[in-house]
Amino acid sequence: MEKPAIEGGSPIREKKLYYGHQFLDEKDYEAVEKVLRSDYLTCGPKIGELEEKLCKLTGAKHAVVCSNGTAALHIAAMAAGLGQGDELITTPITFAASANCALYVGAKPVFADIDPETYNIDPESVKAHITDRTKVIVGVDYTGQACKWDELIAIAKEHGITTIEDAAHSIGTLYKGREVGTLADMTTFSFHPVKTVTGGEGGAVLTDSDELHKKLLLYRSHGITRDEELMEAPSDGPWYYEQVDLGYNYRMTDIQAGLLISQLDKLEMFKSRRKELVKRYDEAFKGIDGIIVQKEIKESDTCRHLYILRLDLKKLKVDRRRFFDAMGAEGICCNVHYIPVYYFPHYKRLGYKKGLCPNAEALYEEILSLPLYYGLSDDEQSDVIAAVKKLTEYYHG
Ligand SMILES: *Cc1c(COP(=O)(O)O)cnc(C)c1O
277 MEKPAIEGGS PIREKKLYYG HQFLDEKDYE AVEKVLRSDY LTCGPKIGEL EEKLCKLTGA
337 KHAVVCSNGT AALHIAAMAA GLGQGDELIT TPITFAASAN CALYVGAKPV FADIDPETYN
397 IDPESVKAHI TDRTKVIVGV DYTGQACKWD ELIAIAKEHG ITTIEDAAHS IGTLYKGREV
457 GTLADMTTFS FHPVKTVTGG EGGAVLTDSD ELHKKLLLYR SHGITRDEEL MEAPSDGPWY
517 YEQVDLGYNY RMTDIQAGLL ISQLDKLEMF KSRRKELVKR YDEAFKGIDG IIVQKEIKES
577 DTCRHLYILR LDLKKLKVDR RRFFDAMGAE GICCNVHYIP VYYFPHYKRL GYKKGLCPNA
637 EALYEEILSL PLYYGLSDDE QSDVIAAVKK LTEYYHG
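Quick note on my numbering: the sequence shown kicks off at 277 and runs consecutively.
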C-alpha cells in the first residue's frame, strides 16, 4: 500500500491544485476594455443589457443586477417586507449571507435542518419551524443542486410566505426542466470569482413580480427614483428626483456588467465541463468504501458549483482534519463548505446553540470540497481521484 505524503510517502503532485478558479478569455478582456474606453463606467448601457440577458437566459420577467450576492439577498429581504419581529427560515449549510440578510433588516434567522442525503434544506424541517412570524424562506441550492422547490413553494403559499432562492451556486441548473430564476418569488445570484460565472464581484435578483421589481430598483440605489408614479410631489424640472424610501448604493459598474455579459456567453461551455467533471468524480467515488456520494434528486438537472467529498468516518480510521491535511500534502488544496452558520461567535452571542440542526452538524464533520472548475484538466482531476483513493485505502479501518 502506498504511503500518504503526510505519513512520509511521496506526494501525488508537486504543483498545488485549489478548489476553485475563474476562467477568463480574450473575449472577456476585450469586453472589459471596450467599457473602459466608453462614456459610462457605471449607470450605463451595459447594466440594462446584462439584465436583459439574465432574463432571456432564465425566463424571468425582471432582473436587477447589483454589487454582489450579499447585496442581492439584502434588497430581496427588504422587498419581501422583512423587518423587526419577523422570521426568515434558511439552512445552516450555506455562506453566512443567506442568514445575515435577516439580521440586516432587524429580523430573526431561523435554521431548519438539511436532508442528510442531498444536503439541501429539508421541507419537513421548514414546516416544523414555521410560526406566525415567518415571513421569508431562503432556500439555498447548495453545491448547485436545486432544493425541493415545489414542496418549499407549497409550504410558503399555504402560510403567505415569500420565497427567495439563493442561487449563488446554481446558475445554469434546471428544476423540472425550468431554469433557476423563475421558481421562487425572487432568485439571487452571486458573481464572485469562485462561482460559475464572474464579474469580479456582482450579484442579481430575478423576479416575475412587477411590484417586487420596483422595490428592488429603489433599494439598489438609495431609495431614489425618477419614476413619476413613485414620486410624491410634481416634478420640479428635468433634474428632479426624489428619495422616497431608504436604500443603499448597491449598484454594479458597467465594467463588471461588460465582463458578465461576456462570461454568460460561456455558461453552456462552463456547464458541460462541470457536469463532465462531476460525473467522473461520482463514478470514481461510488466504488470507494469510505466515501459517500451526494444524492441528487431527479428533478434537478444540476450545474454544480461545488464538489463535496463526504467521508464515511465509521469506515475510516482518520478524521476530517487529518484527511484534509493529507490531501494538502498530496498537492490537493481542498476547502470546507460550510461551517454551520450558527456556530459563528456573532450568532452565538445572539443566543444560537449547537444542537439545532443535527444533520447539518454531522455533515460538517465529514466534508471537504474538491477542485471543481472549468479549467481543471482531465490529468489534474485524475490526480485528485488518485489522492482520494490512496488516502481512503491507507486509512481504511
Ligand atoms: C457566495 C455566496 C453568497 C454571497 O455572494 P457574494 O457575491 O460573495 O456577496 C451568498 N450565498 C451563497 C450560498 C454563496 O455561496
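A virtual CB, placed ideally from N, CA and C, is assigned to each residue, including glycine.
Proximity below 8 Å, CB of residue i to CB of residue j
i, j, result
"THR463", "GLU441", "yes"
"ARG586", "ILE567", "yes"
"ALA347", "TYR526", "yes"
"ALA755", "ALA281", "Because the chain is modelled from 277 through 673, residue 755 falls outside the range shown and cannot be assessed."
"LEU646", "CYS610", "yes"
"ASP537", "LYS322", "A small correction: the amino acid at residue 537 is Ile; Asp does not occupy that position in the sequence shown. Result yes, Cβ atoms of ILE537 and LYS322 sit closer than 8 Å."
"ILE390", "VAL412", "no"
"PRO621", "CYS633", "no"
"ALA388", "SER401", "yes"
"THR223", "HIS581", "This structure cannot settle anything about residue 223, because the visible part of the chain is limited to 277 through 673."
"GLU504", "SER511", "yes"
"SER446", "CYS579", "yes"
"GLY457", "PHE467", "no"
"THR439", "ALA460", "yes"
"GLY285", "LYS279", "yes"
"LEU648", "VAL612", "no"
"TYR295", "LEU639", "no"
"VAL660", "PHE561", "no"
"ASP530", "GLY324", "no"
"LEU488", "VAL414", "no"
"LEU326", "ALA533", "yes"
"LYS490", "MET354", "no"
"ALA675", "ILE406", "Summary: the structure shown does not reach residue 675, with the chain confined to residues 277 through 673, and so no result is reported for it."
"LYS630", "GLU637", "yes"
"ILE229", "ARG496", "Residue coverage of the chain in this structure runs from 277 to 673, which leaves residue 229 outside it and unanswerable."
"LEU540", "ASP521", "no"
"GLU675", "LYS571", "Only positions 277 to 673 of the chain appear in this structure, which leaves residue 675 out of reach."
"GLU656", "LEU317", "no"
"GLY335", "GLU477", "no"
"PRO399", "LYS424", "yes"
"TYR650", "PHE299", "yes"
"ALA443", "ASP426", "no"
"ASP304", "LEU535", "yes"
Sheet register partners of residue i (DSSP bridge)
i, result
"TYR583", "LEU646"
"VAL386", "ILE365"
"GLU518", "THR501"
"ALA339", "LEU482"
"HIS672", "LEU592"
"ASN525", "SER497"
"THR334", "In the DSSP output, where bridge partners are listed per residue, THR334 has none listed."
"LEU535", "None; LEU535 has no bridge partner."
"THR218", "The first residue shown for the chain is 277 and the last is 673, placing residue 218 beyond what the model contains."
"LEU293", "ILE608"
Heavy atom of ligand 3 within 7 Å of residue i beta-carbon
i, result
"PHE620", "The model on display carries ligand 1 but not ligand 3."
Runs of 3 residues minimum, wholly inside the segment 398–485: which ones carry the beta strand (DSSP E) assignment?
410–416, 438–442, 462–466, 479–483
Closer than 8 Å is the cut-off here; do at least three beta carbon pairs connect the segment 475–487 with the segment 324–342?
yes
Taking 8 Å as the cut-off, does the segment 350–367 touch the segment 376–384 (at least 3 CB pairs, one atom from each stretch)?
yes
Unbroken alpha helix (DSSP H) runs of length 4 or more, entirely within the segment 568–613: which are they?
596–606
Tell me, please, whether the segment 661–673 touches the segment 589–602 by the rule of three or more beta-carbon pairs shorter than 8 Å.
yes
Assess contact between the segment 540–552 and the segment 424–440, defined as three or more Cβ pairs (one per stretch) separated by less than 8 Å. Is contact present?
no
Tell me whether the segment 369–379 and the segment 505–517 touch, counting them as touching only if at least three CB pairs, one residue from each stretch, are closer than 8 Å.
no
Does the contact criterion of 3 or more C-beta pairs under 8 Å hold for the segment 445–460 versus the segment 566–582?
Three or more pairs of CB atoms, one per stretch, sit closer than 8 Å, so the segment 445–460 contacts the segment 566–582.
Do three or more CB pairs link the segment 651–669 to the segment 303–319 at distances below 8 Å?
With the cut-off at 8 Å, the segment 651–669 and the segment 303–319 do not touch.
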